[in-house]
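Q:
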Amino acid sequence: MSHAPSPHTFLQSLEAMADEAGEEGYSLRAIFARLDERAFGAGLFLLALPCAIPFLYLVPQVVSLPMMALTLQMLAGREEPWLPEKFGERRIDKPGLTRMSRFGRKWFGWLEKISHPRMSWLTGKSAERVLALFLTVFCASILLPIPSTNTVPGIGVAIIAFGLMSRDGLLVILGLIIGTAWIALLITAALYGFDAATDLLRALLGRG
């Protein structure tokens with residue numbers, strides 16, 4: 214007997230999954246299967262959420278390499294996302310899922326309200342490989358062993374991914390601006406001194 218498709222939005226589905234999870238949570242493969250998402254945008258948005266949460270440790274490191282695996286598949290022109298087994302078996306526990314869903318609703322719920330198809334040429338297959346190149350660089354910056362450096366690129370990737378899901382090119386542009394500005398800051402830090410850039414980052418995060 215067939216069932217009608219769920220009317221839930223992506224964030225609502227994530228909230229429901231966090232509520233239902235046991236203490237051990239779910240593997241990334243199980244999460245992808247439960248959300249029944251086959252688009253790169255949905256997978257990247259899901260994985261970018263924990264990276265965008267300030268001062269959340271361990272979970273961003275769990276998902277950053279799988280994020281890069283997805284962006285490299287986009288770059289190669291693959292039609293659907295696929296997680297290698299060693300990435301797919303990585304787990305996000307219930308507290309991590311709960312923080313992801315709450316953070317997603319609090320900080321990205323507005324995207325569901327304002328997003329709609331526009332400038333859709335920026336979300337099509339012809340543009341996807343160019344976006345994948347930027348996304349790969351943004352995701353690679355999350356791997357840097359510097360505290361609190363996952364938040365800004367995580368936000369950039371999440372907004373781009375939501376734009377891909379909703380075919381909203383304006384959101385894609387916004388995410389590109391955020392991510393590119395972050396990469397420019399990292400380059401500035403490398404060229405002009407890590408200490409000065411660290412002071413600026415602390416000031417931006419209100420921890421100075």
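Letter 57 of the sequence shown, counting from 1, is numbered 270 in the numbering used here, and no numbers are missing. The beta carbon of each residue, even a glycine, is placed where N, CA and C say it ideally should be. Since the model is a prediction, treat every value here as computed from it, not as a measurement.
Can you tell me whether Ile-422 is helix, strand or coil according to DSSP?
A: Nothing about residue 422 can be read from this structure; the chain reaches only from 214 to 421.
Q: My guess is that Ser-314 and Leu-241 are in contact by the Cβ rule of under 8 Å, so how many angstroms apart are they, rounded?
A: About 15 Å; that fails the 8 Å criterion.
Q: For Ala-232, report the span of its alpha helix (DSSP H) as first-last.
A: In the sequence as presented, Ala is not what sits at residue 232; that position holds Asp. That run of the alpha helix (DSSP H) goes 223-233.
Q: When the distance is taken between beta carbons, is Lys-299 closer than 7 Å to Glu-236?
A: Contact: no.
Q: Among Arg-312, Thr-393 and Lys-319, which has the Cα closest to the Cα of Ala-234?
A: Among Arg-312, Thr-393 and Lys-319, the Cα nearest to that of Ala-234 is on Arg-312.
Q: Could you give the distance in angstroms between the alpha-carbon of Arg-318 and the alpha-carbon of Phe-223?
A: C-alpha separation (whole angstroms): 10 Å.
Q: If you pair each beta-carbon of the stretch 342-357 with each one of the stretch 381-396, do three or more pairs fall below 8 Å?
A: A contact exists between the stretch 342-357 and the stretch 381-396.
Q: Please state whether DSSP places Ser-339 in a helix, a strand or coil.
A: Three-state DSSP puts Ser-339 in a helix.
Q: Checking the sheet assignment: what are the DSSP bridge partners for Tyr-239?
A: DSSP output for Tyr-239 lists Ile-305 as bridge partner(s).
Q: Give the secondary structure of Leu-291 by DSSP, where H, G and I count as helix, E and B as strand, and everything else as coil.
A: Leu is not the amino acid found at residue 291; the sequence shown has Arg there. Here Arg-291 sits in coil by DSSP.
Q: Between Ala-265 and Ala-371, is the Cβ-Cβ spacing less than 7 Å?
A: Yes, Cβ-Cβ distance for Ala-265 and Ala-371 is below 7 Å.
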